[in-house]
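Read through the structure below, which is laid out as structure tokens, and then see the notes.
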Amino acid sequence: MPQLRDSTHSLEEPTSNELVGSRDITGINDGASDVNASTVDDTDSANDDNELSNRAHGLPFERIFGIETEYGVSVTGQRPDSDMLDASHVASVIFEPIVSQSRSTNTYIENGSRLYLDVGAHPEYATAEARTVTDAVRLDAAGENLMAALAHQAERALRERTGNEKLRVHMYKNNTDSQGNSFGCHENYLVRRHVRLNDLEQSFIPFLVTRQIFAGTGVIRAGQFQISQRADFLEDTISSATTRARPMINTRDEPHADSRMYRRLHVIVGDSNRSQKASWMKMMCAHLVLCMIEAQARGEDYRLTRFAMQKPGECARSISRDTSLSAQMTLISGMQVTAIDIQQGYCDAAGRFIARHYNDLAQDMRNDMIACVELWHQTLESLRQGNFSELSSWVDWVAKYQLIQSIKKRSENTQKLNANDATQGTSEGDGETSSTSSANNSQVNKSQTDESQTIKSQTGKSAVDARISQIDFAYHDIAHDDVIGALQKNGKITPIFTLTEIRAARHNPPSDTRAWLRGNFIQQARKNSVQWSADWTSITMLGNRERQAMTVHLIDPFEHSPNEEYDEFMGEILTSRKDDPMLPLI
């Protein structure tokens, strides 16, 4: 995995009894109250289902990953005397290039991903199927890059139409707007069908609730800093709803694969990370936990149900509102523990899982898992000791929190120096203040937008609060990238992928899933000006006066090799070649 240290040396030829990480949860015992997650129905039908799941794919613990991201849209710099543009209008301009080529605001693109305009004027990008977390995060970064390009073209178009060169279009990769509405970042994990929902509720939910300590993106709400943007909006643990009573896991059974073998786990509890490394960690850790849950369903026991919580929703909010990370949660067993304690338990169990299955895992997956567990352990140690500076390069909420603290400190220093000037009648402090703030807060200074120009002329607490609110949103603005761009330029945040790699991922699907078949079809259909349609499990060449419509079904998400039907299908496209190929989206 790029940018993560290969740590295979730490598990060289392990035995099944070896651990990665040595610290277990203090005080969480293996008492009789623990639910036995390894219990599996001993019925014929359950055995049949297990047999199908075991045949689901050749290599154990392989998975399909995906990320769906809803973006927020706003516009600033409008003239008071002009017709005000709302988010719906701006979103429609953003999608004009899409509609002009696909005649719809819902389409699939060359890398196999889906791009559409969701309810509430939210542009949404769903990554193509990925076989590794690294590929999923790369595709997500490609979607971010595409959305930024669409926002730029919309800004140019609106400036030309309004004659207002100060107008700016903002595209936010976050989860809440200024009105308190929430929108999501949804993770998708393909899991074996023999895993029961009850097992997921008891063994997976506690992980999701507590992982915000390294996967949250931070938010200012009611004047207070919170770790997670989504925590306040989640009530149920598992249900089929997605908007009213938002669950942590959506159970709508749409596997987009053979439903006898798989279910698609639709996780909607997470924040939309700007840090690529944070995205990688939250999904890689989730993958490890799901592997353990699948193993438990086959008879192994990693004692994950001991983390089951009495009130997961309340626990999520309690963690989010406590930046000291000392909030206590009550487990079903009655034990009182912190989020760090629970995450440490999962981390240690993951080490035992890797040791036990070391020879069962594909080498690339094994290396990623080991790197993940090492970083997981180091992260928890840093959080436990309060060494946030070690995490600010990739943990979003920590990076944002430190920015906000620096703004507050700068304001306090300025007020003190101004008070000294007033009492001493000197101006020596002015130059020192300017120099100090420039050195310590240069990345914040570079994040100025239209709103902050007004804030600069203000004084007092209200100006500081306005500036903090502006930074809170600017951190997530992919269209202008003032904050993250400055942090990256100054070496404060290091991305996993280069811009060249990200741009390449906009046009190239993963080569080891059905996304390649879909992406290749879309590329050839566009090149030959063939009308087409697609969804996750099929691709269709639309009919015309000269031919009938043809459809190829892509049921297996792992299958990436063309078969005879697919080759015949693609041959029809090539024979339909026209001289006016469609141009790339943008």
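Numbering (the UniProt record's numbering), first residue to last: 1 to 586. Yeah, the Cβ is synthetic: ideal placement off N, Cα and C, and Gly gets one too.
Straight-line Cα distance separating residue j from residue i
i           : j           : result
residue 165 : residue 151 : 15 Å
residue 329 : residue 268 : 22 Å
residue 272 : residue 184 : 7 Å
residue 189 : residue 146 : 24 Å
residue 200 : residue 293 : 7 Å
residue 32  : residue 550 : Any reading at residue 32 is ruled out, since the residue's pLDDT is 30, under 50, leaving its predicted position unreliable.
residue 179 : residue 276 : 27 Å
residue 99  : residue 105 : 6 Å
residue 494 : residue 394 : 7 Å
residue 94  : residue 266 : 27 Å
residue 288 : residue 350 : 6 Å
residue 337 : residue 126 : 36 Å
residue 207 : residue 224 : 25 Å
residue 61  : residue 561 : 21 Å
residue 310 : residue 247 : 16 Å
residue 515 : residue 538 : 11 Å
residue 527 : residue 122 : 29 Å
residue 191 : residue 259 : 11 Å
residue 402 : residue 396 : 10 Å
residue 130 : residue 536 : 13 Å
residue 322 : residue 120 : 31 Å
residue 575 : residue 97  : 27 Å
residue 332 : residue 67  : 31 Å
residue 386 : residue 327 : 14 Å
residue 567 : residue 187 : 32 Å
residue 290 : residue 118 : 29 Å
residue 362 : residue 162 : 56 Å
residue 257 : residue 228 : 32 Å
residue 316 : residue 571 : 53 Å
residue 601 : residue 548 : What is shown of the chain runs 1 to 586, which leaves residue 601 out entirely.
residue 398 : residue 509 : 33 Å
residue 474 : residue 108 : 29 Å
Spatially closest choice to residue i from the options, by CA coordinates
i           : options               : result
residue 234 : 258, 256, 209 and 254 : 209
residue 498 : 414, 120, 60 and 139  : 139
residue 194 : 229, 176 and 264      : 264
residue 91  : 103, 75, 101 and 80   : 75
residue 204 : 312, 137, 182 and 154 : 312
residue 72  : 176, 161, 492 and 531 : 176
residue 564 : 124, 552 and 373      : 552
residue 278 : 501, 80, 103 and 133  : 133
residue 546 : 556, 530 and 232      : 530
residue 320 : 523, 202 and 215      : 215
residue 304 : 347, 283, 315 and 270 : 347
residue 307 : 64, 255, 342 and 198  : 342
residue 491 : 65, 573, 392 and 213  : 392
residue 69  : 101, 109, 144 and 80  : 144
residue 407 : 389, 379, 470 and 353 : 470
residue 281 : 300, 369, 559 and 360 : 369
residue 371 : 325, 390, 381 and 285 : 285
residue 253 : 232, 219 and 196      : 196
residue 302 : 353, 314, 213 and 405 : 353
residue 463 : 358, 411 and 500      : 411
residue 198 : 523, 249, 365 and 376 : 249
residue 500 : 141, 160 and 543      : 141
Beta bridge counterpart(s) of residue i as assigned by DSSP
i           : result
residue 535 : 538
residue 122 : 118
residue 551 : 540
residue 69  : 125 and 185
residue 262 : 192
residue 106 : 116
residue 226 : 219
residue 74  : 170
residue 309 : 331
residue 477 : 172
residue 130 : 65
residue 395 : DSSP, once it has assigned bridges, lists no residue as partnering residue 395.
residue 267 : 187 and 249
Within-7 Å CB hit, residue i to chain D
i           : result
residue 466 : In the displayed structure, chain D is absent; only one protein chain is listed.
(request) Evaluate the contact criterion for the stretch 467-487 versus the stretch 109-117: three or more CB pairs, one atom per stretch, below 8 Å. (result) Not touching, per the Cβ criterion.
Tell me whether the stretch 78-98 and the stretch 496-506 touch, counting them as touching only if at least three CB pairs, one residue from each stretch, are closer than 8 Å. no
Original post:
Taking only runs of the beta strand (DSSP E) that begin and end inside the stretch 155-216, which ones reach a length of at least 3 residues, in chain order?
Top reply: 168-172 and 185-192
- Message: List, from N- to C-terminal side, the alpha helix (DSSP H) runs of 4 residues or more that fit wholly inside the stretch 323-379.
- Response: 339-356
- Task: Please determine if the stretch 168-179 and the stretch 293-306 are in contact, where contact requires at least 3 C-beta pairs separated by less than 8 Å.
- Result: Result no; under three Cβ-Cβ pairs closer than 8 Å.
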